[in-house]
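**Q** Letter by letter, the sequence shown follows residues -18 to -1, 1 to 150 of mature numbering (1 follows the signal peptide of the UniProt record, and there is no 0).
We treat Cβ as the ideally placed atom computed from N, Cα and C, and that holds for glycine.
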Amino acid sequence: MKIRTLTVLATLLEAVVSVQFTKEYSQDKDLSAWLAAKQHLNDAHDAMTGAFAQPYNHLIDMNEEEEGHAWRYSQEAGNGPFYFTGKRNDRKYVYILTKVPGTSELGRRWGLDDQQPTKNAFLFWKVKAKDKKAKLLGFEFRAAGAPTLPSKTLDEVIQSAKQARNVA
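1) Select from Glu122, Leu23 and Lys134 the residue whose C-alpha is nearest the C-alpha of glycine 84.
2) So, with DSSP's three-state summary, where would you put tyrosine 7?
3) Beta carbon of alanine 33, beta carbon of threonine 130: below 8 angstroms?
4) Is aspartate 72 helix, strand or coil by DSSP?
5) Please report the distance separating the alpha-carbon of lysine 114 from that of alanine 29.
6) Do leucine 41 and proline 63 come within 8 angstroms of each other at the CB atom, strictly closer than that value?
7) To the nearest angstrom, report how far apart serine 86 and histidine 22 are at their CA atoms.
8) Roughly how many angstroms lie between the CA atoms of glutamate 47 and alanine 59, to the nearest whole one?
9) How many angstroms separate the CA atom of threonine 135 from the CA atom of lysine 144?
10) Going by beta carbon distance, what residues of the same chain come within less than 7 angstroms of histidine 51, once the five residues before and after it are set aside?
11) Can you tell me where the beta strand (DSSP E) with alanine 125 in it begins and where it stops?
12) I need the straight-line Cα distance from lysine 11 to serine 133, nearest angstrom please.
13) What does DSSP give as the partner residue(s) for valine 82 in the beta ladder?
14) Please report the distance separating the alpha-carbon of threonine 31 from that of glycine 120.
15) Which residues does DSSP list as the beta-bridge partners of tyrosine 55?
16) Exposed or buried, what is serine 14 when buried is set at 16 or more other beta-carbons lying within 10 Å of its beta-carbon?
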C-alpha cells in the first residue's frame, strides 16, 4: 500500500513540476484535467527520440499581456483548441489545449525558434462555457514535429463538451 501511494505521489509531482503553472490553483478538477491533457501530449510525443519527447525549460514571463496575446492567437482561424476535456458534474467549464508553433509570429517573439530544435508552446486553459472567458492555468514547451489533432473553434469544442456531458 505504501509503495502504491508513493508511486502515485511521485507521478503527480512529476506532472506538476514539468509544467509551468502561471497561477496557483488547488482544485482537483483542474489537476485531473491537466493530467489528462499531459497524457495526450506525452502520447503525441512518444514517437520522438530522447530529449525531443520531453518538455523544455523556459524563461518566459507569462504576464497578463502575453496571456492576452496567446488567447487572441488561439481565436484566429486554424489556431483553436486541438484537445479538450471537461467534467460531467461541472458543466460551467471546459479545459482546452492550444498550440503556438515556434514558427508563428508569436512563437518567434517568444524565442521558440532561437535554438534547435524549434519548439512549440502548448497552453492549458480553463474556459467558462457561458461567456468564453479563459484563464491560463499552465504551459509547456516541446519540440516541434509531434502530431496533434486538427484544431477546432472554441464554439465547436464547447458544443462537443455539452453533447458529451448529455450522453454520459
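**A** The answer reads as follows:
1) Numbered from its first residue, the sequence shown carries residue 84 at position 102. Per the Cα distances, Glu122.
2) Here residue 7 is taken as the residue at index 25 of the sequence shown, counted from 1. Because tyrosine 7 carries a pLDDT of 47, less than 50, the predicted location of this residue cannot be relied on, and the following value inherits that uncertainty. In the structure shown, tyrosine 7 sits in coil (DSSP, three-state: anything other than H, G, I, E or B).
3) Position 51 of the sequence shown, counted from the first residue, corresponds to residue 33. Position 148 of the sequence shown, counted from the first residue, corresponds to residue 130. Cβ distance not < 8 angstroms, so alanine 33 and threonine 130 don't count as in contact.
4) Along the sequence shown, read from residue 1 onward, the residue named residue 72 stands at position 90. Here aspartate 72 sits in strand by DSSP.
5) Translated into positions along the sequence shown, residue 114 becomes position 132. Translated into positions along the sequence shown, residue 29 becomes position 47. Cα to Cα, lysine 114 sits roughly 34 angstroms from alanine 29.
6) For the purposes of this step, residue 63 is identified with residue 81 of the sequence shown, where counting begins at 1. For the purposes of this step, residue 41 is identified with residue 59 of the sequence shown, where counting begins at 1. No. Outside cutoff.
7) Counted from its first residue, the sequence shown places residue 86 at position 104. Counted from its first residue, the sequence shown places residue 22 at position 40. Whole-angstrom Cα-Cα distance: 22 angstroms.
8) Position 65 of the sequence shown, counted from the first residue, corresponds to residue 47. Position 77 of the sequence shown, counted from the first residue, corresponds to residue 59. The alpha-carbon atoms of glutamate 47 and alanine 59 are separated by roughly 21 angstroms.
9) In the sequence shown, the residue the question calls residue 135 occupies position 153. In the sequence shown, the residue the question calls residue 144 occupies position 162. Each residue's alpha carbon lies about 14 angstroms from the other.
10) Here residue 51 corresponds to residue number 69 of the sequence shown, with the count starting at 1. Cβ within range, chain order: Leu88.
11) Walking along the sequence shown from the start, residue 125 turns up at place 143. First-last of the beta strand (DSSP E) with alanine 125: 116 to 125.
12) Looking up residue 11 in the sequence shown gives position 29. Looking up residue 133 in the sequence shown gives position 151. The alpha-carbon atoms of lysine 11 and serine 133 are separated by roughly 24 angstroms.
13) On the sequence shown, residue 82 is found 100 positions in, with the first residue counted as 1. Valine 82 is bridged to Ala103.
14) Within the sequence shown, numbered from 1, the residue matching residue 31 stands at position 49. Within the sequence shown, numbered from 1, the residue matching residue 120 stands at position 138. About 24 angstroms.
15) By 1-based counting over the sequence shown, the position of residue 55 is 73. In DSSP, tyrosine 55 forms no bridge with anything.
16) Translated into positions along the sequence shown, residue 14 becomes position 32. So serine 14 counts as exposed.
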